[in-house]
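Residue numbers (the working numbering): 59 to 149. Worksheet for the structure shown next.
Shown next as structure tokens:
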């Protein structure tokens, strides 16, 4: 009987210790709990803008960040183009 009671008390104390480890009371309360709705919207907007501003900046300025390519055609392609233009003009 004493062993069963001791086991029951030990189990309860372990459960209490586990609960105390998880539940921090006031120290664990999230700060948004005490914020008004406009403050929450402002914080959310600030987070969104700060997280999205740099990737958006990069996407909009990719052409300015990378070196320009030489977009000229090869000699064979230019000769073919001239041949086709001459054939079209003479037709």
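Yeah, the Cβ is synthetic: ideal placement off N, Cα and C, and Gly gets one too.
| Asked | Found |
| --- | --- |
| Out of curiosity, what's the CA-to-CA distance linking residue 146 and residue 134? | 18 Å |
| With DSSP run on the structure shown, which of helix, strand or coil describes residue 121? | helix |
| Which of the three DSSP states is assigned to residue 130 in this structure? | coil |
| Within the same chain, show all residues whose beta-carbon is closer than 8 Å to that of residue 139, passing over the 5 residues directly before and after it, in chain order. | 131 |
| Hey, how far is the Cα of residue 121 from the Cα of residue 110? | 19 Å |
| Does DSSP classify residue 94 as helix, strand or coil? | coil |
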